[in-house]
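J.:
There are 2 protein chains.
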Amino acid sequence: MRVLGVDPGLTRCGLGVVDVAANRTATLVGVGVVGSSHEQTLDARLLVIANAVDQWLDAFKPDVLAIERVFAQTNLSTVMGVAQVSGVVMVAAARRGIPVALHTPSEVKAAVTGNGRADKASVTAMVTRLLRLHEPPRPADAADALALAIAHAWRSGGAVDAGTPGTTAAQKLWREAAGKAKIHKNKENPGAAWR
Amino acid sequence: MRVLGVDPGLTRCGLGVVDVAANRTATLVGVGVVGSSHEQTLDARLLVIANAVDQWLDAFKPDVLAIERVFAQTNLSTVMGVAQVSGVVMVAAARRGIPVALHTPSEVKAAVTGNGRADKASVTAMVTRLLRLHEPPRPADAADALALAIAHAWRSGGAVDAGTPGTTAAQKLWREAAGKAKIHKNKENPGAAWR
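Residue numbers (the working numbering), protein chains in the order written: chain A, 49 to 243; chain B, 49 to 243.
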C-alpha cells in the first residue's frame with residue numbers, strides 16, 4: 049500500500065510518501081515540504097500548495113491520502129490556514145478518485161510510538177527507525193507527514209493490537225525499535241514516557 | 049465590474065453573481081446554493097463544492113471573487129468546514145487568475161445596510177431592493193452571497209463615505225431604500241437598529 053501523508057500548513061506543508069508491505073515493513077518513497085510566504089496573498093499561497101499536491105499525487109500515485117484531522121480547539125492563530133490547506137488537499141485527492149483518510153495527531157503518535165502523547169522528537173526517532181534511515185528525514189518537519197502515512201497503513205491494514213499473540217516480523221522489528229529508542233519525556237506531560 | 053460572492057459552507061454554500069456599474073447600480077446575474085450531504089465523506093463533499101465553483105467561474109467569468117473572511121472565534125462546530133470550503137473556493141479563483149477579496153460579515157452588513165450588526169432579514173431586504181427584485185432572492189440563504197458581491201464592488205469602487213457631499217443616483221437610491229426598508233431589530237443586540 050502506498051500512502052501519501054500530508055501534514056497541512058500554510059507556511060510549511062509536509063508531504064511524505066511511504067510504501068507499506070503486508071508484513072508492515074515501511075519504505076520511504078518521497079518526502080518534502082512545500083511552503084508559501086506571508087508576503088503572498090492567501091489565495092496565491094493556497095495555490096502554491098494545491099499545485100504541489102497535484103504534482104505529488106500525479107508523480108507518486110498513492111493508493112490513499114492520509115491527512116491530519118484538524119480541530120477548531122487547537123492553536124487558533126494557525127487553525128484557519130491549516131483547515132483551508134486541508135480542504136485544498138482533500139479536493140486534489142478526490143478529483144483523482146484517491147480515498148482520503150483522516151487521523152488525529154494522537155492516533156498517529158499512538159500508532160507510531162505507542163504513546164498518543166509522544167513529543168515531536170520521539171515521533172521523528174521512531175519514523176527514522178521504522179523507515180530504516182541512517183539519519184532523521186529532511187526537512188525535519190516532514191517527519192509528521194511520514195508518521196501519518198505509516199500510521200494510516202498500520203491502522204487500516206489489520207488489527208494493530210499489542211495484545212494479539214501473533215507477531216509478524218515487522219511487528220517484532222517495530223517493538224524492538226520502540227524498545228531501543230531513547231525515551232524522550234513529553235514536555236506537556238513530563239510524567240508520561242513511552243509505554 | 050462583475051463580482052462572484054461566495055458565502056462558504058459545507059452543507060450549503062451560497063453563490064451570487066452581480067454586475068455593478070460605475071454609478072453603483074447593481075444587477076443580479078446569477079444566484080444559487082450548492083449543497084453537500086452529511087452522508088458523503090468530507091473529501092466528496094468538498095469536491096461537489098469545488099466542481100460547482102469551477103462551473104460558476106467558467107460560466108460567469110467574474111472580474112473578482114469576494115468571499116467571507118472566516119474567523120476561528122465564530123461557531124466552532126461549523127468553522128472548520130467553512131474554512132475548508134473557503135480554501136477550495138480561493139484556489140479555484142487563483143487557478144484562473146481571478147483576484148480574491150476577503151470581507152468580514154460586519155463589513156458586508158455595514159456596506160449594504162449601513163449597520164455592521166444588521167440581522168439576516170435586514171440584509172435580505174436591502175439586497176432585494178438594491179438589485180431591484182420584486183421578491184427576495186431564492187434560495188433564501190444565497191442573499192448573503194449577493195450582499196458580499198455588492199459590498200465588495202462598493203467598497204473597492206471608490207469612497208463609500210456617507211459624509212461625502214456628492215451623491216450619485218445609485219447612492220441616492222441606496223439611501224432611499226435604506227430609509228424605506230422596514231427596521232428589523234438585531235436579535236443578538238436588540239437595542240441596535242439601522243442607522
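Just so you know, even glycine gets a beta-carbon here, dropped at the ideal spot from N, CA and C.
Runs of 3 residues minimum, wholly inside the segment 58-83 of chain A: which ones carry the beta strand (DSSP E) assignment?
T.: If only uninterrupted beta strand (DSSP E) runs of at least 3 residues are considered, those enclosed by the segment 58-83 of chain A are 60-68, 74-83.
J.: Distance check for residue 51(A) and residue 67(A), CA to CA, integer angstroms please.
T.: On the first sequence, position 19 is the one that residue 67(A) refers to. On the first sequence, position 3 is the one that residue 51(A) refers to. For residue 67(A) and residue 51(A), the distance between alpha carbons rounds to 6 Å.
J.: DSSP has residue 114(B) in a bridge; who is on the other side?
T.: Your numbering for residue 114(B) matches position 66 in the second sequence. DSSP lists 53(B), 149(B) as the bridge partner or partners of residue 114(B).
J.: Kindly list, in the order they appear in chain A, the residues whose Cβ is closer than 7 Å to that of residue 143(B).
T.: As a working mapping, residue 143(B) is identified with position 95 in the second sequence. Under the 7 Å cutoff, chain A gives 95.
J.: Closer than 7 Å by C-beta to residue 117(B): which residues in its own chain qualify, once you throw out the five before and the five after it? Chain order, please.
T.: Sequence index remark: in the second sequence, residue 117(B) carries index 69 (1-based). Contacts found: 150, 151, 152.
J.: For residue 212(B), which of helix, strand or coil comes out of DSSP?
T.: Taking the second sequence and counting its residues from 1, one reaches residue 212(B) at position 164. Bear in mind that a pLDDT of 37 at residue 212(B), under 50, signals an unreliable position, so the model cannot answer this.
J.: Using a C-beta cutoff of 8 Å, does residue 64(A) count as contacting chain B?
T.: Numbered from 1 along the first sequence, position 16 holds the residue referred to as residue 64(A). By this cut-off, residue 64(A) is not an interface position.
J.: Would you verify that the beta carbon of residue 88(A) is, or is not, closer than 8 Å to some beta carbon of chain B?
T.: Within the first sequence, residue 88(A) is the residue found at index 40, counting from 1. Output row for residue 88(A): interface = no.
J.: Would residue 63(B) pass as a contact of residue 190(B) if the rule is Cβ separation under 8 Å?
T.: Here residue 63(B) corresponds to residue number 15 of the second sequence, with the count starting at 1. Here residue 190(B) corresponds to residue number 142 of the second sequence, with the count starting at 1. Yes; because the gap between Cβ atoms is below 8 Å, this pair is in contact.
J.: Report the three-state DSSP secondary structure of residue 102(A) (helix, strand or coil).
T.: Numbered from its first residue, the first sequence carries residue 102(A) at position 54. Helix at residue 102(A).
J.: Using a C-beta cutoff of 8 Å, does residue 103(A) count as contacting chain B?
T.: Your numbering for residue 103(A) matches position 55 in the first sequence. Under the Cβ distance rule, residue 103(A) does not count among the residues neighbouring chain B, no pair being separated by less than 8 Å.
J.: Could you tell me whether any Cβ in chain B is nearer than 8 Å to the Cβ of residue 135(A)?
T.: Counting from one through the first sequence, the residue named residue 135(A) turns up at place 87. Chain B contact via Cβ: present.
J.: Below 8 Å on the Cβ atoms is my contact criterion, and I expect residue 161(A) with residue 170(A) to pass it. Report the Cβ-Cβ distance as a whole number of Å.
T.: Within the first sequence, the letter at position 113 stands for residue 161(A). Within the first sequence, the letter at position 122 stands for residue 170(A). Going by Cβ atoms, the distance from residue 161(A) to residue 170(A) rounds to 5 Å, so yes, they are a contact pair.
J.: Are the beta-carbon atoms of residue 136(A) and residue 91(B) separated by less than 8 Å?
T.: As a working mapping, residue 136(A) is identified with position 88 in the first sequence. As a working mapping, residue 91(B) is identified with position 43 in the second sequence. Not a contact, by the Cβ cut-off of 8 Å.
J.: Whole angstroms are fine: how far does the CA of residue 115(A) sit from the CA of residue 132(B)?
T.: As a first step, residue 132(B) is located in the second sequence; it is residue number 84 there, counting from the start. As a first step, residue 115(A) is located in the first sequence; it is residue number 67 there, counting from the start. Going from the Cα of residue 132(B) to the Cα of residue 115(A) covers about 13 Å.
J.: So is residue 91(B) in contact with chain A if we call contact Cβ pairs under 8 Å?
T.: Residue numbering aside, residue 91(B) sits at position 43 when the second sequence is read from its first letter. It does; some Cβ of chain A falls within 8 Å.
J.: Mind checking whether residue 79(B) and residue 60(B) have CB atoms under 8 Å apart?
T.: Along the second sequence, read from residue 1 onward, the residue named residue 79(B) stands at position 31. Along the second sequence, read from residue 1 onward, the residue named residue 60(B) stands at position 12. For residue 79(B) and residue 60(B), no; Cβs fall outside 8 Å.
J.: For chain B, is any of its Cβ atoms less than 8 Å away from the one on residue 68(A)?
T.: Locating residue 68(A) in the first sequence gives position 20, where the first residue counts as 1. Not closer than 8 Å to any Cβ of chain B, the Cβ of residue 68(A) fails to qualify, so no.
J.: Could you check how far apart the C-beta atoms of residue 192(B) and residue 55(B) are, in whole angstroms? I think they sit under 8 Å.
T.: By one-based count along the second sequence, residue 192(B) stands at place 144. By one-based count along the second sequence, residue 55(B) stands at place 7. Right, their Cβ atoms sit about 4 Å apart.
J.: State the DSSP-derived secondary structure class of residue 192(B), mapped to helix, strand or coil.
T.: Counted from its first residue, the second sequence places residue 192(B) at position 144. Taken through DSSP and simplified to helix, strand or coil, residue 192(B) comes out as helix.
J.: Ordered along the chain, which non-local residues of its own chain (more than five positions away) have a Cβ less than 6 Å from that of residue 172(A)?
T.: On the first sequence, position 124 is the one that residue 172(A) refers to. Only 184, 191 meet the Cβ criterion.
J.: If you follow the alpha helix (DSSP H) that residue 177(B) is part of, which residue opens it and which one closes it?
T.: As a position in the second sequence, residue 177(B) is number 129, starting the count at 1. Looking at the DSSP string, the run of the alpha helix (DSSP H) that includes residue 177(B) is 168-178.
J.: Answer yes or no: does any C-beta atom of chain B fall closer than 8 Å to that of residue 244(A)?
T.: In the structure as shown, chain A starts at 49 and stops at 243, and residue 244(A) therefore has no counterpart that could be examined.
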